[in-house]
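Before any comments, here is the structure.
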Amino acid sequence: MSPEIGQLLLTLSMAAAFLQTLVGLGFIKIPLELQNKIIVNLVSIHTLGLIFAIVCLGYSFITDDFSVLYVAQNSHTNLPVQYKVAAIWGAHEGSLLLWVFLLSIWGLLLAFSRKFNQKTMDLKIKSLGFIGLISLGFIVFIFYTSNPFERLFPIPDQGRSLNPLLQDPALVMHPPILYAGYVGLAVPFALALASLITTKHETLQYQWAGIARVWTIAPWLFLTGGIALGSWWAYYELGWGGWWFWDPVENASLMPWLTATALVHSLIVTEQRRLFNSMSILLAIISFSL
638 MSPEIGQLLL TLSMAAAFLQ TLVGLGFIKI PLELQNKIIV NLVSIHTLGL IFAIVCLGYS
698 FITDDFSVLY VAQNSHTNLP VQYKVAAIWG AHEGSLLLWV FLLSIWGLLL AFSRKFNQKT
758 MDLKIKSLGF IGLISLGFIV FIFYTSNPFE RLFPIPDQGR SLNPLLQDPA LVMHPPILYA
818 GYVGLAVPFA LALASLITTK HETLQYQWAG IARVWTIAPW LFLTGGIALG SWWAYYELGW
878 GGWWFWDPVE NASLMPWLTA TALVHSLIVT EQRRLFNSMS ILLAIISFSL
(Lines of atoms letter the chains of each structure in order from A and count residues from 1; the text may use other names and numbers.)
(Lines give C-alpha, C1' and ligand atoms only; values in the text may rest on other atoms or scores of the structure.)
Protein backbone atom coordinates (compact mmCIF):
# COMPACT_ATOMS: atom_id res chain seq x y z
CA MET A 1 0.00 0.00 0.00
CA SER A 2 2.89 2.37 0.76
CA PRO A 3 4.11 2.48 -2.88
CA GLU A 4 0.61 3.33 -4.11
CA ILE A 5 0.36 6.15 -1.56
CA GLY A 6 3.79 7.39 -2.65
CA GLN A 7 2.69 7.30 -6.28
CA LEU A 8 -0.46 9.24 -5.42
CA LEU A 9 1.55 11.86 -3.52
CA LEU A 10 3.93 12.18 -6.46
CA THR A 11 0.91 12.76 -8.71
CA LEU A 12 -0.36 15.43 -6.31
CA SER A 13 3.04 17.14 -6.39
CA MET A 14 3.07 17.02 -10.18
CA ALA A 15 -0.37 18.66 -10.34
CA ALA A 16 0.71 21.35 -7.86
CA ALA A 17 3.90 22.00 -9.86
CA PHE A 18 1.83 22.35 -13.04
CA LEU A 19 -0.48 24.91 -11.42
CA GLN A 20 2.53 26.63 -9.83
CA THR A 21 3.99 27.07 -13.31
CA LEU A 22 0.74 28.44 -14.75
CA VAL A 23 0.20 30.90 -11.90
CA GLY A 24 3.85 31.93 -11.54
CA LEU A 25 4.48 32.60 -15.22
CA GLY A 26 1.26 34.54 -15.65
CA PHE A 27 -0.74 32.11 -17.78
CA ILE A 28 -3.60 32.66 -15.33
CA LYS A 29 -4.33 36.38 -14.98
CA ILE A 30 -5.10 37.31 -11.36
CA PRO A 31 -4.19 40.27 -9.10
CA LEU A 32 -0.62 40.24 -7.76
CA GLU A 33 -1.53 39.83 -4.07
CA LEU A 34 -3.85 36.92 -4.80
CA GLN A 35 -1.28 35.45 -7.17
CA ASN A 36 1.29 35.50 -4.36
CA LYS A 37 -1.04 33.78 -1.88
CA ILE A 38 -2.03 31.09 -4.37
CA ILE A 39 1.51 30.29 -5.46
CA VAL A 40 2.75 30.06 -1.85
CA ASN A 41 -0.03 27.54 -1.13
CA LEU A 42 0.80 25.57 -4.29
CA VAL A 43 4.49 25.46 -3.37
CA SER A 44 3.54 24.20 0.11
CA ILE A 45 1.32 21.43 -1.33
CA HIS A 46 4.00 20.50 -3.84
CA THR A 47 6.66 20.24 -1.12
CA LEU A 48 4.48 18.31 1.34
CA GLY A 49 3.60 15.80 -1.37
CA LEU A 50 7.27 15.13 -2.07
CA ILE A 51 8.17 14.96 1.63
CA PHE A 52 5.62 12.23 2.25
CA ALA A 53 6.53 10.48 -1.02
CA ILE A 54 10.11 10.21 0.27
CA VAL A 55 8.73 8.93 3.60
CA CYS A 56 6.71 6.25 1.78
CA LEU A 57 9.78 5.08 -0.12
CA GLY A 58 11.80 5.06 3.11
CA TYR A 59 9.07 3.01 4.80
CA SER A 60 9.29 0.45 1.99
CA PHE A 61 13.04 0.15 2.60
CA ILE A 62 12.74 -0.08 6.39
CA THR A 63 10.04 -2.78 6.19
CA ASP A 64 11.90 -4.77 3.50
CA ASP A 65 9.05 -4.48 1.00
CA PHE A 66 10.65 -6.38 -1.87
CA SER A 67 7.46 -6.08 -3.91
CA VAL A 68 8.90 -2.66 -4.85
CA LEU A 69 11.44 -3.13 -7.65
CA TYR A 70 13.70 -0.32 -6.46
CA VAL A 71 13.82 -1.76 -2.92
CA ALA A 72 14.51 -5.28 -4.20
CA GLN A 73 17.42 -3.99 -6.30
CA ASN A 74 19.04 -1.91 -3.55
CA SER A 75 18.27 -3.46 -0.16
CA HIS A 76 18.53 -6.66 1.89
CA THR A 77 17.01 -7.81 5.17
CA ASN A 78 20.48 -7.81 6.79
CA LEU A 79 21.36 -4.32 5.59
CA PRO A 80 21.83 -1.90 8.55
CA VAL A 81 19.02 0.62 9.00
CA GLN A 82 21.18 3.65 8.19
CA TYR A 83 22.08 2.13 4.82
CA LYS A 84 18.46 1.25 4.14
CA VAL A 85 17.68 4.95 4.57
CA ALA A 86 20.69 5.95 2.46
CA ALA A 87 19.61 3.45 -0.21
CA ILE A 88 16.72 5.81 -0.95
CA TRP A 89 19.22 7.88 -2.96
CA GLY A 90 21.66 5.04 -3.62
CA ALA A 91 20.58 4.49 -7.23
CA HIS A 92 19.17 6.42 -10.19
CA GLU A 93 15.44 6.43 -9.40
CA GLY A 94 15.83 7.46 -5.77
CA SER A 95 18.47 10.09 -6.51
CA LEU A 96 16.07 11.77 -8.95
CA LEU A 97 13.36 11.77 -6.29
CA LEU A 98 15.84 13.30 -3.82
CA TRP A 99 16.76 15.90 -6.45
CA VAL A 100 13.20 17.08 -7.02
CA PHE A 101 12.47 16.90 -3.27
CA LEU A 102 15.38 19.22 -2.49
CA LEU A 103 14.26 21.54 -5.29
CA SER A 104 10.85 21.80 -3.64
CA ILE A 105 12.51 22.64 -0.30
CA TRP A 106 14.49 25.47 -1.91
CA GLY A 107 11.28 26.65 -3.58
CA LEU A 108 9.46 26.61 -0.24
CA LEU A 109 12.23 28.67 1.40
CA LEU A 110 12.02 31.17 -1.46
CA ALA A 111 8.22 31.33 -1.19
CA PHE A 112 8.39 32.29 2.49
CA SER A 113 11.44 34.54 2.16
CA ARG A 114 11.10 38.03 3.64
CA LYS A 115 13.62 39.55 1.25
CA PHE A 116 10.87 40.55 -1.17
CA ASN A 117 8.80 43.73 -0.97
CA GLN A 118 5.85 44.98 -3.00
CA LYS A 119 8.11 46.07 -5.87
CA THR A 120 9.95 42.76 -6.08
CA MET A 121 6.91 40.53 -5.45
CA ASP A 122 6.48 39.91 -9.19
CA LEU A 123 10.11 38.77 -9.37
CA LYS A 124 9.48 36.23 -6.61
CA ILE A 125 6.29 34.90 -8.22
CA LYS A 126 7.92 34.44 -11.63
CA SER A 127 10.94 32.77 -10.02
CA LEU A 128 8.63 30.27 -8.32
CA GLY A 129 6.95 29.73 -11.68
CA PHE A 130 10.28 28.74 -13.24
CA ILE A 131 11.10 26.47 -10.28
CA GLY A 132 7.69 24.85 -10.70
CA LEU A 133 8.41 24.27 -14.39
CA ILE A 134 11.76 22.61 -13.63
CA SER A 135 10.16 20.46 -10.94
CA LEU A 136 7.30 19.49 -13.25
CA GLY A 137 9.75 18.33 -15.91
CA PHE A 138 11.65 16.14 -13.46
CA ILE A 139 8.52 14.59 -11.94
CA VAL A 140 7.19 13.72 -15.41
CA PHE A 141 10.60 12.18 -16.19
CA ILE A 142 10.46 10.16 -12.95
CA PHE A 143 6.96 8.89 -13.75
CA TYR A 144 7.75 7.69 -17.25
CA THR A 145 11.35 6.50 -17.01
CA SER A 146 12.53 6.22 -13.37
CA ASN A 147 9.61 5.41 -11.09
CA PRO A 148 10.93 4.30 -7.65
CA PHE A 149 7.47 2.98 -6.67
CA GLU A 150 7.21 0.42 -9.47
CA ARG A 151 5.96 -2.97 -8.28
CA LEU A 152 7.80 -6.26 -8.87
CA PHE A 153 6.05 -9.57 -9.55
CA PRO A 154 6.70 -12.26 -8.52
CA ILE A 155 7.92 -10.92 -5.18
CA PRO A 156 11.45 -12.18 -4.33
CA ASP A 157 12.25 -13.58 -0.89
CA GLN A 158 15.37 -11.45 -0.65
CA GLY A 159 16.78 -8.26 -2.17
CA ARG A 160 20.07 -7.83 -4.01
CA SER A 161 21.35 -5.42 -1.33
CA LEU A 162 23.12 -2.10 -1.79
CA ASN A 163 26.38 -1.94 -3.74
CA PRO A 164 29.14 -2.81 -1.19
CA LEU A 165 31.16 0.26 -2.23
CA LEU A 166 28.21 2.43 -1.23
CA GLN A 167 27.79 0.85 2.20
CA ASP A 168 29.70 3.63 3.87
CA PRO A 169 28.75 6.39 6.36
CA ALA A 170 29.65 8.95 3.68
CA LEU A 171 26.70 7.76 1.55
CA VAL A 172 24.33 8.89 4.30
CA MET A 173 25.65 12.48 4.16
CA HIS A 174 27.45 13.07 0.86
CA PRO A 175 24.65 12.88 -1.77
CA PRO A 176 22.12 15.02 0.15
CA ILE A 177 24.74 17.71 0.87
CA LEU A 178 26.05 17.72 -2.70
CA TYR A 179 22.55 17.65 -4.21
CA ALA A 180 21.48 20.52 -1.95
CA GLY A 181 24.27 22.52 -3.59
CA TYR A 182 23.43 21.46 -7.14
CA VAL A 183 19.71 22.02 -6.75
CA GLY A 184 20.06 25.22 -4.74
CA LEU A 185 21.57 26.89 -7.80
CA ALA A 186 18.11 26.63 -9.35
CA VAL A 187 17.07 29.64 -7.24
CA PRO A 188 19.55 32.18 -8.71
CA PHE A 189 18.85 30.59 -12.10
CA ALA A 190 15.11 31.20 -11.68
CA LEU A 191 15.70 34.72 -10.35
CA ALA A 192 17.91 35.51 -13.35
CA LEU A 193 15.26 34.31 -15.81
CA ALA A 194 12.54 36.16 -13.89
CA SER A 195 14.55 39.38 -14.06
CA LEU A 196 14.63 39.08 -17.85
CA ILE A 197 10.85 38.95 -18.18
CA THR A 198 9.88 41.28 -15.33
CA THR A 199 9.48 44.72 -16.91
CA LYS A 200 7.12 46.38 -14.43
CA HIS A 201 9.95 48.11 -12.53
CA GLU A 202 13.20 49.12 -14.25
CA THR A 203 15.13 48.94 -10.96
CA LEU A 204 14.52 45.17 -10.86
CA GLN A 205 17.20 44.88 -13.51
CA TYR A 206 19.70 45.23 -10.65
CA GLN A 207 17.65 44.45 -7.52
CA TRP A 208 17.50 40.77 -8.43
CA ALA A 209 21.27 40.56 -7.87
CA GLY A 210 21.03 41.55 -4.21
CA ILE A 211 18.34 38.94 -3.62
CA ALA A 212 20.14 36.25 -5.62
CA ARG A 213 23.46 36.70 -3.79
CA VAL A 214 22.13 35.12 -0.58
CA TRP A 215 20.55 32.31 -2.60
CA THR A 216 23.88 31.67 -4.32
CA ILE A 217 26.08 31.66 -1.21
CA ALA A 218 23.93 29.00 0.52
CA PRO A 219 24.19 26.36 -2.27
CA TRP A 220 27.86 27.31 -2.76
CA LEU A 221 28.48 26.36 0.88
CA PHE A 222 26.65 23.05 0.37
CA LEU A 223 28.72 22.36 -2.76
CA THR A 224 31.91 23.15 -0.85
CA GLY A 225 30.92 20.77 1.94
CA GLY A 226 29.91 18.09 -0.55
CA ILE A 227 33.18 18.33 -2.47
CA ALA A 228 35.22 18.22 0.75
CA LEU A 229 33.29 15.19 2.00
CA GLY A 230 33.60 13.51 -1.40
CA SER A 231 37.37 14.06 -1.38
CA TRP A 232 37.62 12.48 2.07
CA TRP A 233 35.49 9.55 0.90
CA ALA A 234 37.67 9.12 -2.20
CA TYR A 235 40.81 9.14 -0.05
CA TYR A 236 39.99 6.03 1.95
CA GLU A 237 37.86 4.31 -0.71
CA LEU A 238 40.59 3.26 -3.15
CA GLY A 239 38.02 2.42 -5.79
CA TRP A 240 37.58 6.14 -6.37
CA GLY A 241 41.26 6.76 -7.09
CA GLY A 242 42.48 8.85 -4.16
CA TRP A 243 41.93 12.51 -3.41
CA TRP A 244 41.09 13.68 -6.93
CA PHE A 245 41.34 11.73 -10.14
CA TRP A 246 39.98 14.35 -12.59
CA ASP A 247 37.32 12.09 -13.98
CA PRO A 248 33.81 13.27 -15.00
CA VAL A 249 32.23 12.09 -11.73
CA GLU A 250 34.47 14.35 -9.65
CA ASN A 251 34.50 17.29 -12.07
CA ALA A 252 30.70 17.28 -12.20
CA SER A 253 30.70 18.96 -8.79
CA LEU A 254 33.81 21.10 -9.32
CA MET A 255 32.61 22.96 -12.43
CA PRO A 256 29.39 24.40 -10.93
CA TRP A 257 31.38 25.27 -7.79
CA LEU A 258 33.79 27.36 -9.87
CA THR A 259 31.03 29.15 -11.78
CA ALA A 260 29.05 29.70 -8.56
CA THR A 261 32.17 31.26 -7.00
CA ALA A 262 32.39 33.64 -9.95
CA LEU A 263 28.64 34.30 -9.70
CA VAL A 264 28.87 35.38 -6.04
CA HIS A 265 31.49 38.01 -6.92
CA SER A 266 29.68 39.12 -10.07
CA LEU A 267 26.42 39.61 -8.15
CA ILE A 268 28.17 41.88 -5.64
CA VAL A 269 29.37 44.12 -8.48
CA THR A 270 25.94 44.09 -10.12
CA GLU A 271 24.20 44.99 -6.88
CA GLN A 272 26.59 47.69 -5.71
CA ARG A 273 27.87 49.22 -8.96
CA ARG A 274 25.18 48.19 -11.45
CA LEU A 275 27.75 46.54 -13.70
CA PHE A 276 28.09 43.04 -15.17
CA ASN A 277 24.33 42.39 -15.07
CA SER A 278 24.46 40.31 -18.26
CA MET A 279 27.47 38.43 -16.92
CA SER A 280 25.66 37.68 -13.65
CA ILE A 281 22.62 36.36 -15.52
CA LEU A 282 24.83 34.22 -17.76
CA LEU A 283 26.77 32.80 -14.79
CA ALA A 284 23.51 32.01 -12.95
CA ILE A 285 22.25 30.10 -15.99
CA ILE A 286 25.56 28.27 -16.52
CA SER A 287 25.97 27.34 -12.84
CA PHE A 288 22.63 25.58 -12.70
CA SER A 289 22.96 24.07 -16.18
CA LEU A 290 26.25 22.40 -15.22
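Using the working numbering, the letters of the sequence shown map in sequence onto residues 638 to 927.
Think of the CB as a built atom: it goes at the ideal place given N, C-alpha and C, for glycine as much as any other residue.
In the three-state DSSP reduction, Arg850 falls in the helix class (H, G or I).
Listed in chain order, the non-local C-beta contacts of Gly643 below 7 Å within the same chain comprise Ala690, Cys693, Leu694 and Phe786, local neighbours out to five positions each way being set aside. Bridge partners of Val705 according to DSSP: Arg788. Annotation for Phe703: Ala709, Ser712, Leu789, Ile792, Pro793, Asp794, Gln795 and Gly796 place their beta carbon closer than 8 Å to its own, counting only its chain and skipping 5 residues before and after. For the pair Gly727 and Leu647, the CB atoms are not nearer than the 8 Å cut-off. One thing to note: Ile776 has its Cβ no nearer than 8 Å to the Cβ of Ser681. In this structure, the alpha-carbon of Asp805 lies about 18 Å from that of Ile699. Within the same chain, and ignoring the five residues on either side of Ala899 in sequence, the residues whose Cβ sits closer than 6 Å to its Cβ are Leu920.
Counted as a single uninterrupted DSSP element, the alpha helix (DSSP H) harbouring Gln672 occupies residues Leu669 to Ile699. The continuous alpha helix (DSSP H) containing His811 extends over residues Pro806 to Gly821.
Cβ-Cβ distances below 8 Å link Ala829 to Trp845, Ala849, Ser917, Ile918, Ala921 and Ile922 in the same chain, with the five nearest sequence neighbours on each side left out; the list follows chain order. The three-state reading of DSSP puts Phe913 in coil, since its state is none of H, G, I, E or B. Taking C-beta atoms under 8 Å as the contact rule, Ala654 and Lys763 fail to qualify, at a distance of about 15 Å.
Its Cα nearest to that of Trp857, the residue Leu815 stands out among Ala871, Leu815 and Ile834.
The straight-line gap separating the alpha-carbon atoms of Met810 and Gln719 is approximately 11 Å.
For Asp759, the enclosing alpha helix (DSSP H) covers residues Met758 to Thr782.
If you ignore the 5 residues before and after Arg911, its C-beta comes within less than 7 Å of the C-beta of Tyr843, all in its own chain and listed in chain order. Under the three-state reduction of DSSP output, His713 falls in the coil class, being neither helix nor strand. If you draw a straight line from the Cα of Leu860 to the Cα of Phe913, it comes to about 24 Å.
As the crow flies, the alpha-carbon of Pro825 is around 6 Å from that of Trp852.
Note that the C-beta distance between Leu927 and Thr896 is below 8 Å. With distances taken between CA atoms, Ile742 lies nearest to His683 out of Tyr781, Ile779, Thr658 and His683. The beta carbon of Gly862 is closer than 7 Å to those of Ile814 in its chain, skipping five residues each way along the sequence. The Cβ atoms of Pro640 and Leu735 do not sit closer than 8 Å to each other. Secondary structure at Asn754: coil, using DSSP grouped into helix, strand and coil.
About 24 Å separates the Cβ atoms of Thr658 and Gly818, ruling out a contact at the 8 Å cut-off.
Where Pro640 is concerned, the enclosing alpha helix (DSSP H) starts and stops at Ser639 to Gly661. For Met638, there are no CB contacts under 8 Å within the same chain when 5 residues up- and downstream are skipped. The C-alpha of Thr714 is placed about 43 Å away from the C-alpha of Ala827.
Relative to the Cα of Ala724, the nearest Cα in the group Ser772, Asp759, Leu746 and Ala807 belongs to Ala807.
For Gly731, the enclosing alpha helix (DSSP H) stretches over residues His729 to Ala748.
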